[in-house]
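Residue numbers (the working numbering): 225 to 578.
If you want it as structure tokens, here you go:
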């Protein structure tokens, strides 16, 4: 659908003019909001939508019909996702552009205020690569996964948990939301064993997520907090002190599946899943994905995304979206596109369903 910028502008301006209002302000060593918080439910959402409607006659006099249609679809999407959980995998070049990063944080804050329960799982490949080069630690990829020696994991944990994670959480707070940054090792959120690659590669300390402490994530969401989770997992049993480097796509898909989220959204550096002619495949089901991997249409770094997108769908997630994170406000556009059904993509991209 042609998605007008006007409803997005109204959502953003309406939310900016309507600060959160409650006395809860979490204080944590991780980044946390210093502002206040309100439950953005029922009447609150209606107030925001009515405020948006007030602007229609003055801002869109030449596009009333298109505006009204798009605004109704925005309202339908908001209503359909109110109190629903979405898991967002955030990474790639969208993280290295200050402007795109700022817009992503604004999107998360806006969705939170509209009553959507947002969980952010982030990567940080470019940042890890830069730090590995600085400290002289070699690294390579096999099958789309970073081979992780003990030294690589140490650097990855330092970068992801100590820098990237806190920057994202504080950015959401600065945009008017409430977020706390945390590692997958905190409260045993991501419980892992050593991943055994099917092709026989020794990936080192790459973790396969075996269990997710969903209760902690749900508790934070119930308190009106966006959990921002870095994909460093913890070992199980006798390996509880071992840190594992988890692929962020894997972690996001597993968390979404265990939470039975309404959707999981993977923000990537390409438009979506492409065929061998480099044309976008807009809709796929689980069998389609298997066939595309078997005939090597889907390769390398896209394999973890589609694999764990399908796993999440099989666990009960309504739909998994793979879309271009380089598009400004990609998250908000994706979530609000498609109206009440919310199954269309806003700026291109691929949706995976059962």
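Heads up, the beta-carbon is just placed ideally off N, CA and C, and yes, glycines get one too.
Helix, strand or coil for residue 416? Go by DSSP, reduced to three states.
Taking the first residue of the chain shown as 1, we reach residue 416 at position 192. Reduced to three states, the DSSP call for residue 416 is strand.
Decide if residue 523 is buried, meaning its Cβ has at least 16 other Cβ atoms within 10 Å, or exposed.
For the purposes of this step, residue 523 is taken as the residue at position 299 of the chain shown. Classification for residue 523: exposed.
Span of the beta strand (DSSP E), counted from its first residue to its last, around residue 391
Translated into positions along the chain shown, residue 391 becomes position 167. Not the beta strand (DSSP E): residue 391 falls in the alpha helix (DSSP H), residues 389-398.
Are residue 401 and residue 457 touching if we call contact CB-CB under 7 Å?
Counting from 1 along the chain shown, the entry for residue 401 is found at position 177. Counting from 1 along the chain shown, the entry for residue 457 is found at position 233. No, these two residues do not count as a Cβ contact at 7 Å.
Whose C-alpha, out of 546, 576, 577 and 557, is nearest the C-alpha of residue 316?
Counting from one through the chain shown, the residue named residue 316 turns up at place 92. The option with the nearest alpha carbon to residue 316 is 546.
How many Å lie between residue 557 and residue 340 at the Cα?
Indexing the chain shown from 1 puts residue 557 at position 333. Indexing the chain shown from 1 puts residue 340 at position 116. For residue 557 and residue 340, the distance between alpha carbons rounds to 14 Å.
Contact set for residue 567: own chain, Cβ-Cβ below 7 Å, skip 5 residues either direction
Counting from 1 along the chain shown, the entry for residue 567 is found at position 343. Here residue 567 scores only 43 on pLDDT, less than 50, and its place in the model should not be relied on; the value that follows carries that caveat. Closer than 7 Å at Cβ, skipping near neighbours: 543 and 575.
Among residues of its own chain, excluding the 5 on either side of residue 499, which ones have a beta-carbon nearer than 7 Å to its beta-carbon?
Along the chain shown, one-based indexing puts residue 499 at 275. Answer for residue 499: 505 and 521, listed in chain order.
Counting Cβ pairs, one atom from each stretch, are 3 or more of them under 8 Å apart for the stretch 478-485 and the stretch 310-325?
yes
Where residue 581 falls: helix, strand or coil (DSSP)
There is no way to answer for residue 581, as the model of the chain reaches only from 225 to 578.
Since residue 313 is in the beta strand (DSSP E), which residue starts that stretch and which ends it?
The sequence position of residue 313 within the chain shown is 89, counting from 1. Taken as a continuous stretch (DSSP letters only), the beta strand (DSSP E) holding residue 313 covers 309-314.
Going by beta carbon distance, what residues of the same chain come within less than 8 Å of residue 460, once the five residues before and after it are set aside?
Mapped onto the chain shown, residue 460 falls at position 236. Excluding residues within five positions, the ones whose Cβ falls inside 8 Å are 415, 416, 417, 434 and 435.
Considering only residues of the same chain and omitting the five flanking positions on each side of residue 253, which have a CB-CB separation below 7 Å?
Your numbering for residue 253 matches position 29 in the chain shown. Residue placement at residue 253 cannot be trusted, given a pLDDT of 39 that sits under 50; what the coordinates show is reported in the next sentence. Excluding positions up to five away in sequence, the list is empty.
So if DSSP puts residue 605 in a beta bridge, which residue, or which two residues, is it bridged to?
Any property of residue 605 remains undetermined from this structure, which presents the chain solely from 225 to 578.
If you check the beta carbons only, do residue 377 and residue 469 fall under 7 Å apart?
Here the question's residue 377 lines up with position 153 in the chain shown. Here the question's residue 469 lines up with position 245 in the chain shown. Cβ distance < 7 Å, so residue 377 and residue 469 count as in contact.
Buried or exposed for residue 560, going by 16 or more other Cβ atoms inside 10 Å?
By one-based count along the chain shown, residue 560 stands at place 336. Result: buried.
Name the two residues that bound the continuous beta strand (DSSP E) containing residue 487.
What you label residue 487 is simply residue 263 of the chain shown in a count that begins at 1. Its beta strand (DSSP E) spans residues 487-492.
CA-to-CA distance, residue 438 to residue 510, given in whole angstroms
Position 286 of the chain shown, counted from the first residue, corresponds to residue 510. Position 214 of the chain shown, counted from the first residue, corresponds to residue 438. In a straight line, the C-alpha of residue 510 is about 25 Å away from that of residue 438.
Local conformation of residue 267 per DSSP, three classes
Residue 267 sits at position 43 when you count from the first residue of the chain shown. Annotation note: pLDDT 45 at residue 267 (below 50); position unreliable, coordinate value reported separately. Reduced to three states, the DSSP call for residue 267 is helix.
Residue of 303, 346, 322 and 578 minimising C-alpha distance to residue 455
Within the chain shown, numbered from 1, the residue matching residue 455 stands at position 231. Of the candidates 303, 346, 322 and 578, the one whose C-alpha sits nearest the C-alpha of residue 455 is 346.
Mark residue 423 as exposed unless 16 or more other C-beta atoms lie within 10 angstroms of its C-beta, in which case mark it buried.
On the chain shown, position 199 is the one that residue 423 refers to. Under this definition residue 423 is an exposed residue.
Tell me the rounded alpha-carbon separation between residue 537 and residue 329.
What you label residue 537 is simply residue 313 of the chain shown in a count that begins at 1. What you label residue 329 is simply residue 105 of the chain shown in a count that begins at 1. Between residue 537 and residue 329, the C-alpha separation is close to 26 Å.
Cβ-Cβ distance between residue 387 and residue 429 below 7 Å:
On the chain shown, residue 387 is found 163 positions in, with the first residue counted as 1. On the chain shown, residue 429 is found 205 positions in, with the first residue counted as 1. Going by C-beta atoms, residue 387 is not nearer than 7 Å to residue 429.
When you compare only the Cα positions, how much space is there between residue 600 and residue 363?
With the chain represented from 225 up to 578, any question about residue 600 goes unanswered, as that position is not in the structure.
By the three-class DSSP mapping on this structure, what secondary structure does residue 431 have?
Position 207 of the chain shown holds residue 431. Note: residue 431 maps to strand in three-state DSSP.
Cβ pair residue 492, residue 540 closer than 7 Å
Numbered from 1 along the chain shown, position 268 holds the residue referred to as residue 492. Numbered from 1 along the chain shown, position 316 holds the residue referred to as residue 540. No; because the gap between Cβ atoms is not below 7 Å, this pair is not in contact.
Could you tell me the distance, in whole angstroms, from the CA atom of residue 385 to the CA atom of residue 320?
Along the chain shown, one-based indexing puts residue 385 at 161. Along the chain shown, one-based indexing puts residue 320 at 96. The alpha-carbon atoms of residue 385 and residue 320 are separated by roughly 16 Å.
Quick one: residues in its chain with C-beta nearer than 7 Å to the C-beta of residue 333, no 5 flanking neighbours on either side, listed in chain order?
Counting from 1 along the chain shown, the entry for residue 333 is found at position 109. Only 396, 399, 400 and 401 meet the Cβ criterion.
If residue 471 and residue 382 are in contact, beta carbons under 8 Å, what's the gap, nearest whole angstrom?
As a first step, residue 471 is located in the chain shown; it is residue number 247 there, counting from the start. As a first step, residue 382 is located in the chain shown; it is residue number 158 there, counting from the start. Incorrect: roughly 18 Å between the Cβ atoms, too far for contact.
Spatially closest choice to residue 466 from 432, 446 and 451, by CA coordinates
Within the chain shown, residue 466 is the residue found at index 242, counting from 1. Among 432, 446 and 451, the Cα nearest to that of residue 466 is on 432.
Quick one: which unbroken alpha helix (DSSP H) runs of 4-plus residues sit fully inside the stretch 318-376? Chain order, please.
322-337 and 349-359
Using the Cα positions of residue 350 and residue 518, report the straight-line distance between them to the nearest angstrom.
Numbered from its first residue, the chain shown carries residue 350 at position 126. Numbered from its first residue, the chain shown carries residue 518 at position 294. Taking the straight line joining both Cα atoms gives about 29 Å.
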